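Visitor: With my numbering, letter number 78 in the sequence shown gets 383, and the count goes up by one each step, no holes. Ideal placement from N, C-alpha and C gives every residue a C-beta, glycine not left out. Bear in mind the structure is a predicted one, so any value in this text is a computation, not a measurement. Next up is a structure, given as structure tokens.
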Amino acid sequence: MSTTKEKIINTISISEIYPKLLNGNRGECAMHENTSSPSFRYHPDTKSWNCFSCGTGGSVIDLCKHMNNISYREAVMELANEHKIPINEEDKKTIKAREIIENVLSTFTDLCHENLMNSEYYEDLKDRRGFSEDIITEYKIGLFDNTIKPKLKKMFNNTQLVYAGLLSKK
Ligand SMILES: [Zn+2]
């Protein structure tokens, strides 16, 4: 049985979802700015594409992901829905599990970041270690201490936290 991912790659042609394909298998790249040269290449034999200018490439799923600025999982879901490709049970479970992990980890990152911004270490990081405000915000640099776990435990159950690797199994 093929996976949803394989079904998508085998069923949906890159030329079908890529608007910028000129005649043949070349086109302008939608993944980077200032494209005046047709640096995008579509390779029908391997069902793949690449841009030799910005270095992106992959399958039709990667193309959907880059074009819409969404996650790989979201691209799988979107393509499957649009083209009425059934998602098999095993993939549904994997997708669900990844969603939980992403959710827990992004909350964890936010909590630690917020914690840092409200602590004395924030100034310390800027003044003594020379981190700029932009870098701290952009990379969501955070502070983990004993206030984080109780907050997480209020928002997620133990199974979810163990699953995301933030709590050890006991
Ligand atoms: Zn490009």
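1. Short check: CB of Asn420 to CB of Asp450, under 8 Å?
2. Reducing DSSP to helix, strand and coil, say where Tyr427 ends up.
3. Quick check on Met336: buried or exposed, where buried means 16 or more other Cβ atoms within 10 Å of its Cβ?
4. Could you tell me the alpha carbon to alpha carbon distance between Glu338 and Ser358, rounded to whole angstroms?
5. When DSSP labels each residue in this structure, what does Leu368 get in the three-state scheme?
6. Measuring alpha carbon to alpha carbon, tell me which residue in Cys417, Lys398, Phe436 and Asn315 is nearest Thr351.
7. Return the first residue and the last residue of the beta strand (DSSP E) that Arg346 is part of.
8. Output the distance between the C-alpha atoms of Gln465 and Ile406, rounded to the nearest integer angstrom.
9. Please determine, among Asn393, Glu394 and Lys370, the residue with the shortest C-alpha to C-alpha distance to Met383.
10. Which residues bound the beta strand (DSSP E) around Cys356?
Guide: Answer, in terms of the structure:
1. Walking along the sequence shown from the start, residue 420 turns up at place 115. Walking along the sequence shown from the start, residue 450 turns up at place 145. Yes; because the gap between Cβ atoms is below 8 Å, this pair is in contact.
2. As a first step, residue 427 must be located in the sequence shown, where it is residue number 122. Here Tyr427 sits in helix by DSSP.
3. Taking the sequence shown and counting its residues from 1, one reaches residue 336 at position 31. Burial call: buried.
4. Start at 1 with the first residue of the sequence shown, and residue 338 comes out as number 33. Start at 1 with the first residue of the sequence shown, and residue 358 comes out as number 53. So the two alpha carbons sit approximately 10 Å from each other.
5. Along the sequence shown, one-based indexing puts residue 368 at 63. If DSSP states are grouped into helix, strand and coil, Leu368 belongs with the helices.
6. As a working note, residue 351 is residue 46 in the sequence shown. With distances taken between Cα atoms, Thr351 lies closest to Asn315.
7. In the sequence shown, the residue the question calls residue 346 occupies position 41. Looking at the DSSP string, the run of the beta strand (DSSP E) that includes Arg346 is Phe345 to His348.
8. Against the sequence shown, residue 465 aligns to sequence position 160. Against the sequence shown, residue 406 aligns to sequence position 101. Each residue's Cα considered, the two are about 7 Å apart.
9. As a first step, residue 383 must be located in the sequence shown, where it is residue number 78. Residue 383 is actually Glu in this sequence, not Met. Here the closest residue by C-alpha is Lys370.
10. Numbered from its first residue, the sequence shown carries residue 356 at position 51. Per DSSP, Cys356 belongs to the beta strand (DSSP E) from Ser353 to Cys356.
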